[in-house]
Structures are given as structure tokens and as C-alpha cells.
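Peer 1: Numbering (the working numbering), first residue to last: 170 to 246. Where a beta carbon is used, it is the ideal one built from N, C-alpha and C, also for glycine.
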Amino acid sequence: MPDLIWTATNFLLLVLVPGILFWVFQRRHAHGVFRRHGIPGPSPELFWGNWNQLKKDRLQVVPKFVDRRTLIRWSFT
Numbered sequence: 170m171p172d173l174i175w176t177a178t179n180f181l182l183l184v185l186v187p188g189i190l191f192w193v194f195q196r197r198h199a200h201g202v203f204r205r206h207g208i209p210g211p212s213p214e215l216f217w218g219n220w221n222q223l224k225k226d227r228l229q230v231v232p233k234f235v236d237r238r239t240l241i242r243w244s245f246t
């Protein structure tokens, strides 16, 4: 029985923990594309992205970022 507990503990420490950490870092990297390019917008959550903001009334969420994006667009064209 102690061998089974030791094996399970090793499995958790050596496989699952690094796997979960890798997934979290990769997810944060994938959600940060617009931020890395300097595009303003709402910051996404780890699990759901911007899904919660899309469920809200879009007329409340979008105007916060339209003014900033419009200023950037007109200054570079």
C-alpha cells in the first residue's frame, strides 16, 4: 500500500502539476495577443476569455474601447 501512495504522489508531482502549469501559461499567452500588439481592449479571463463580457449588453461594453481604437486608427492612416 505505501508503494501505491508513493507512486500516486510522484505521478501528481511529476506529471499533473507541470501539465497544469504549462496549460495555464499557454492559455495566458494565447489570450494576450492583442495586448502584446498594443491594441486596447478588455483583459480576458483565464478560463472564459471575454465570454462574460459578450453576455452583457454589448452597448455597455463596446463604447469603452471604441474611442481609443478610433484615435489610434486615424493617427496611423
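#1: Is it buried or exposed, PRO213, if we count other Cβ atoms within 10 angstroms and call 16 or more buried?
#2: Nearest-angstrom Cα distance between VAL202 and ILE174?
#3: For PRO209 and PHE180, I'd like the C-alpha separation in whole angstroms.
#4: First and last residue of the alpha helix (DSSP H) that includes ASN179?
#5: Mapping the DSSP letters down to three states, classify GLY188 as helix, strand or coil.
Peer 2: The structure says:
#1: Residue mapping note: residue 213 aligns to position 44 of the sequence shown, counting from 1. Classification for PRO213: buried.
#2: Taking the sequence shown and counting its residues from 1, the one referred to as residue 202 is at position 33. Taking the sequence shown and counting its residues from 1, the one referred to as residue 174 is at position 5. Cα-Cα distance, rounded: 42 Å.
#3: Sequence index remark: in the sequence shown, residue 209 carries index 40 (1-based). Sequence index remark: in the sequence shown, residue 180 carries index 11 (1-based). Between PRO209 and PHE180, the alpha-carbon positions lie close to 42 Å from each other.
#4: Residue mapping note: residue 179 aligns to position 10 of the sequence shown, counting from 1. Residues 171 to 180.
#5: On the sequence shown, position 19 is the one that residue 188 refers to. DSSP places GLY188 in helix when its eight states are reduced to three.
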